[in-house]
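Trainee: Before we start, here is the structure in question, set down as structure tokens.
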Amino acid sequence: MPILSAATHRMAAFCVVLLATLAPARAELATPAGEVILTVGGAISETNGDGTASFDMAMLQAMPSSEFSTSTTWTDGTKAFKGVPLKTLLDSLGAKGSKVIATALNNYSVEIPMEAIRDGVPIMAYTIDGAEFSRRDKGPLWIVFPYDSSAEYQTELVYGWSIWQLASLTVVE
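Under mature numbering (1 follows the signal peptide of the UniProt record, and there is no 0), the letters of the sequence shown match residues -27 to -1, 1 to 146, in that order.
Structure, rendered in structure tokens:
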């Protein structure tokens, strides 16, 4: 009986080591070192405090980014926008829901259905033409779609989702 017990113990230890090796390593969400410019809450599984995920600019700029040029109804000419794709951010937080409520610094908010959030579109732009932009100039974050790329992005509904001075996102199930 002791031989079976030792073999069982070794097999269990082997399985634990094997599972730990095969399980994907998950990086913990860092804590912002600078000014918090975005807070994400609601139906997310990755947080860095009180059930929310807070980000400073450096954290957002460290994430995968996308860039495109487009004209907007709020700017002159075509501008190059760079930022974190909204889907990338939400996926990194384990977001599960039917919509996202985006809220600006002045408490203006819009509801964006999850089906409107695709790979690379929209982005939370943090630069325009290579420069960060201030709150006075619609920053520091602006949800932007590539309006010139498709008529689907040239609707009043999509323009309404293009919230600037973005301060928070809430994922709703």
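Don't be surprised by glycine CBs; every beta carbon is placed ideally from N, CA and C.
According to DSSP, simplified to helix, strand and coil, what is leucine 33?
Mentor: Three-state DSSP puts leucine 33 in a helix.
Trainee: Counting along the chain, where does the beta strand (DSSP E) carrying tyrosine 99 start and finish?
Mentor: 96 to 101
Trainee: Does the segment 10 to 25 come within contact of the segment 67 to 82, defined as at least 3 CB pairs closer than 8 Å?
Mentor: yes
Trainee: Please tell me whether phenylalanine 118 and tryptophan 137 are closer than 9 Å, where the distance is taken between their beta carbons.
Mentor: no
Trainee: Among Val73, Val13, Gly7, Thr45, which residue has its Cα nearest to the Cα of lysine 111?
Mentor: Of the candidates Val73, Val13, Gly7, Thr45, Thr45 places its Cα closest to the Cα of lysine 111.
Trainee: Residues bridged to glutamate 84 by DSSP?
Mentor: Ile74
Trainee: Can you round the beta-carbon distance between valine 94 and proline 58 to whole angstroms, since I take them to be within the 8 Å contact cut?
Mentor: 7 Å
Trainee: Can you tell me the Cα-Cα spacing of serine 39 and glycine 56, whole angstroms?
Mentor: 6 Å
Trainee: Quick one: what's lysine 55 bridged to in DSSP?
Mentor: Glu40, Thr100
Trainee: Can you tell me whether leucine 130 is buried or exposed, with buried defined as 16 or more other CB within 10 angstroms of its CB?
Mentor: Under this definition leucine 130 is an exposed residue.
Trainee: Around the Cβ of proline 113, are there at least 16 other Cβ atoms within 10 angstroms (buried) or fewer (exposed)?
Mentor: Buried is the call here.
Trainee: Report the rounded CA-to-CA distance for phenylalanine 41 versus aspartate 102, giving the unit in angstroms.
Mentor: 10 Å
Trainee: For a quick check, are the C-beta atoms of phenylalanine 28 and threonine 100 less than 9 Å apart?
Mentor: no
Trainee: Mapping DSSP to helix, strand and coil, what is serine 122?
Mentor: Shown here, serine 122 sits in a helix according to DSSP, grouped into three states.
Trainee: Which whole-angstrom value is the C-beta distance of methionine 97 and leucine 62, which I expect to be below 8 Å?
Mentor: Sure, about 7 Å apart at Cβ, within 8 Å.
Trainee: Short check: CB of threonine 43 to CB of aspartate 92, under 9 Å?
Mentor: no
Trainee: Buried or exposed, going by whether 16 or more other CB atoms sit within 10 Å of the CB of tyrosine 126?
Mentor: The residue is buried, with at least 16 neighbouring Cβ atoms inside 10 Å.
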